[in-house]
Each structure stands twice: as C-alpha cells, then as structure tokens.
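Heads up, the thing below is written out as structure tokens.
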Amino acid sequence: MAKPGGRRRLWTVLGVLIAVAVVIGLLVFEPWKLFVDQRVNEALPTASSSGQPASPAPGGSATPATPGTGGNPAPMAAPTVLATGNFVSQEHETKGTATILRLADGQRILRLTDFETSNGPDLQVWLTDQPVQTDNEGWFLFDDGQHTSLGGLKGNIGDQNYPIPADVNLADYRSVSIWCDRFSVSFGAAELTR
315 MAKPGGRRRL
325 WTVLGVLIAV
335 AVVIGLLVFE
345 PWKLFVDQRV
355 NEALPTASSS
365 GQPASPAPGG
375 SATPATPGTG
385 GNPAPMAAPT
395 VLATGNFVSQ
405 EHETKGTATI
415 LRLADGQRIL
425 RLTDFETSNG
435 PDLQVWLTDQ
445 PVQTDNEGWF
455 LFDDGQHTSL
465 GGLKGNIGDQ
475 NYPIPADVNL
485 ADYRSVSIWC
495 DRFSVSFGAA
505 ELTR
C-alpha cells in the first residue's frame with residue numbers, strides 16, 4: 315500500500331508537469347489570437363511623375379507642388395498592375411485580393427485589399443512558385459519549392475502593402491500564400507495572373 319506522503323508527492327509532480335505542458339502549449343499555439351483581430355488600413359503608396367515619393371502635405375493633399383510651376387501640383391503617375399489574384403481559403407477562411415504593382419518610381423509592392431483571414435502565430439506573406447490547390451494537400455506545399463518572404467503579416471484584416479525586393483524575379487513566382495511558419499501550413503493563397 316502506497317504511503318500518503320508518496321501519493322501527495324506524485325500528485326504534486328503530475329500537477330507541475332501539467333502546468334508546464336499548459337504553459338508550453340499556450341506559447342506555441344497562441345490561442346488568444348483566434349479572438350483578437352489586428353486591423354490594418356494602409357493607403358496605396360504613390361510616387362510623383364518626377365520619381366519622388368509623394369507624402370501628404372499639412373493640408374492633407376498627397377500631391378506635391380512642382381518647383382517652378384507656381385505651386386501647381388505635379389501629375390501623379392498611376393501604378394501599373396503586374397499581376398493579380400483572389401485569395402482562396404485553405405487552413406483558415408481567407409478572402410481578398412493580392413495585386414503586384416509597379417509604382418512610378420519603379421518600386422514594386424504586393425498589395426492586399428479587402429483582405430481577411432484568421433489571426434495566428436508567426437504568419438508570413440510569401441511569394442511562391444507553387445500552384446494554388448484547394449484540397450487539403452494544397453495547404454502544405456508552398457515551402458516545397460521556391461518562396462520569398464515579404465515579411466510578417468501586418469494584420470489579419472484590412473488593406474496592406476509589402477515591398478518586393480529589387481532582386482526578386484517575378485517570373486519565378488506564381489502565387490501568394492499567407493504562410494503559418496510555426497506549423498508549416500497555408501491559411502490562404504492567391505494564384506497570380508499576369
């Protein structure tokens with residue numbers, strides 16, 4: 315028959331092990347993120363026809379005056395759409411549009427518009443060379459080939475911009491994935507059409 319002190323010690327050890335497992339589980343899975351949305355509302359960056367980035371003036375106008383024109387604003391060159399696609403849900407419901415744009419100054423950005431997905435741990439925005447598949451196997455394939463991270467997802471809801479490095483050859487990529495790096499799974503992806 316077990317001694318009462320031994321039984322108490324066993325329950326104490328089990329309690330400590332369970333508490334440690336719960337803390338580790340919370341740190342890994344970050345379940346509170348399922349209940350907290352991060353909203354982002356970034357404006358589309360623009361550049362003036364002179365190639366200089368436009369910044370809002372104190373009066374709220376984003377069109378700078380051109381020197382020597384008496385204060386008349388310089389015409390703004392519209393961004394060029396290089397590729398676009400609509401998000402499809404994978405591990406988590408995801409919607410919105412991914413668009414690759416070239417600004418007048420030559421900078422390229424990935425813009426997410428009307429975007430919404432679940433929040434989660436370690437979400438990254440990836441350009442990938444993989445096709446978008448809607449079956450469960452398609453959730454895991456984006457790290458199988460070539461991919462470039464454009465950085466951490468700024469928010470799980472809203473319009474947002476991600477600069478594309480100058481050395482990235484867009485011809486090498488065919489999709490965008492919202493990639494959960496911690497669990498190696500895609501929350502949602504968009505096939506890019508040029």
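315 is the number of the first residue of the sequence shown in the numbering used here; add one for each residue after it.
Virtual Cβ for every residue (Gly too), placed ideally from N, Cα, C.
None of the values given here were measured: they were computed from a predicted structure.
Contact under 7 Å by Cβ, residue i with residue j
{"i": "R488", "j": "D443", "result": "yes"}
{"i": "G502", "j": "F401", "result": "yes"}
{"i": "I423", "j": "P477", "result": "yes"}
{"i": "L417", "j": "V439", "result": "no"}
{"i": "G434", "j": "C494", "result": "yes"}
{"i": "T431", "j": "N470", "result": "yes"}
Reference residue i, options the options, closest by Cα
{"i": "P445", "options": "G399, S498, A357", "result": "G399"}
{"i": "S295", "options": "I423, G329, F454", "result": "This structure cannot speak to residue 295, because the chain is shown only from 315 to 508."}
{"i": "G459", "options": "A392, K409, N483, L441", "result": "L441"}
{"i": "P359", "options": "A391, A333, Q352", "result": "A391"}
{"i": "T507", "options": "G320, A412, I332, D481", "result": "A412"}
Pairwise C-alpha distance: residue j and residue i
{"i": "V350", "j": "L426", "result": "20 Å"}
{"i": "T377", "j": "D473", "result": "The pLDDT assigned to T377 is 42, lower than 50, so where the model puts this residue is not dependable, and the model offers no usable value."}
{"i": "I492", "j": "L437", "result": "6 Å"}
{"i": "A397", "j": "L328", "result": "56 Å"}
{"i": "H406", "j": "N450", "result": "11 Å"}
{"i": "Q421", "j": "V395", "result": "12 Å"}
{"i": "G466", "j": "A485", "result": "23 Å"}
{"i": "F456", "j": "S500", "result": "7 Å"}
{"i": "V330", "j": "L324", "result": "10 Å"}
{"i": "G452", "j": "S498", "result": "12 Å"}
Contacts around residue i, its chain only, beta-carbon distance under 7 Å, and the 5 residues preceding and following it disregarded
{"i": "G374", "result": "Reliability of the predicted coordinates at G374 is poor, the pLDDT of 38 falling under 50, and the value obtained from them is presented with this limitation in mind. Excluding residues within five positions, none has a Cβ falling inside 7 Å."}
{"i": "A518", "result": "Here the chain covers residues 315 to 508 and nothing more, so residue 518 does not appear."}
{"i": "K468", "result": "V354, Q474"}
Close-in-space but distant-in-sequence residues of the same chain around residue i (CB under 6 Å, 5 per side omitted)
{"i": "E505", "result": "G399, V446, S489"}
{"i": "H461", "result": "W440, T442"}
Own chain, CB closer than 8 Å to residue i, minus 5 neighbours either side, in chain order
{"i": "P269", "result": "The question about residue 269 has no answer, for the chain in this structure spans 315 to 508."}
{"i": "R322", "result": "none"}
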